[in-house]
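Counting along the sequence shown from 1, when you hit position 98 you're at 102 in our numbering, and nothing is skipped either side.
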Amino acid sequence: MSKSVLSRAALAAAVGQEIACSGWERLDQARIDAFAQVSGDHQFIHTDPARAMATPFGGTIAHGMLSLSVISGLASGVLPGIEGQGAVLNYGFDAVRFISPVRSGAMIRARFDLLELTPRGRGNLMVRYGVRAQIKGETRPAMSAEWLLLYT
């Protein structure tokens with residue numbers, strides 16, 4: 005589905021289905037290095053290409069937390085809005101798993117399955133998405149998680 009605004013009824017009808025897929029985005033060394041600066045995680049496997057060449061990965065890999073944090077930006081262009089709802093708040097993640105390393109320069113995208121809708125007080129709606137970060141050209145995903153978003 006492309007970016008749209010759905011009624012609650014239309015959203016409820018989509019439970020159990022893939023609801024969105026983002027475009028591809030590159031995780032290059034500059035972005036990995038910038039994340040290391042922000043997060044304080046300077047482990048050589050992420051920031052030292054020469055030293056990382058001697059590892060089984062054959063070069064640097066993105067931080068797992070970088071792969072997870074990129075999901076927010078990928079989602080913003082493709083997840084539907086909900087009629088009558090204003091802000092969307094990140095409520096957190098469940099069952100986060102880092103499955104495959106993302107090598108520096110790889111392209112990733114996110115696929116979103118609508119798992120559950122839960123009405124909350126004051127007309128809010130909690131939405132649980134299953135999300136997978138795919139790596140272009142790879143069969144196994146980089147990560148998977150369940151993401152909770154609160155629509156207010």
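C-beta atoms are modelled at their ideal positions from N, C-alpha and C, and glycine is treated no differently.
Being a predicted model, the structure only gives us computed values, none of them experimental.
{"Asked": "State yes or no: is the C-beta of Leu31 within less than 8 Å of the C-beta of Leu70?", "Found": "yes"}
{"Asked": "Under three-state DSSP, which class holds Val109?", "Found": "As written in the sequence, residue 109 is Gly, which differs from the Val given in the question. Coil, per DSSP."}
{"Asked": "Should the region 110-127 be regarded as contacting the region 36-46, the criterion being three or more beta carbon pairs within less than 8 Å?", "Found": "no"}
{"Asked": "Here's the rule I'm using: 16 or more other beta-carbon atoms within 10 Å means buried, otherwise exposed. How should His46 be labelled?", "Found": "exposed"}
{"Asked": "Would you give the residue range spanned by the beta strand (DSSP E) that Gln138 belongs to?", "Found": "129-139"}
{"Asked": "Classify Ser148 as helix, strand or coil using the three-state DSSP reduction.", "Found": "strand"}
{"Asked": "For Ser108, count the other beta carbons within 10 Å of its own beta carbon; 16 or more makes it buried, fewer makes it exposed. Which is it?", "Found": "buried"}
{"Asked": "Check Leu93 in the structure and name its three-state DSSP category.", "Found": "strand"}
{"Asked": "With a 10 Å radius around its C-beta and 16 neighbouring C-beta atoms as the bar for buried, classify Gly68 as buried or exposed.", "Found": "buried"}
{"Asked": "Between the alpha carbons of Ala114 and Arg126, how many angstroms are there, rounded?", "Found": "31 Å"}
{"Asked": "Cutting at 6 Å between CB atoms, please list the residues of its own chain near Phe102, excluding the five before and the five after it.", "Found": "Gly68, Met147"}
{"Asked": "What's the C-alpha gap between Ile23 and Ala149?", "Found": "15 Å"}
{"Asked": "Checking the sheet assignment: what are the DSSP bridge partners for Arg101?", "Found": "Ser148"}
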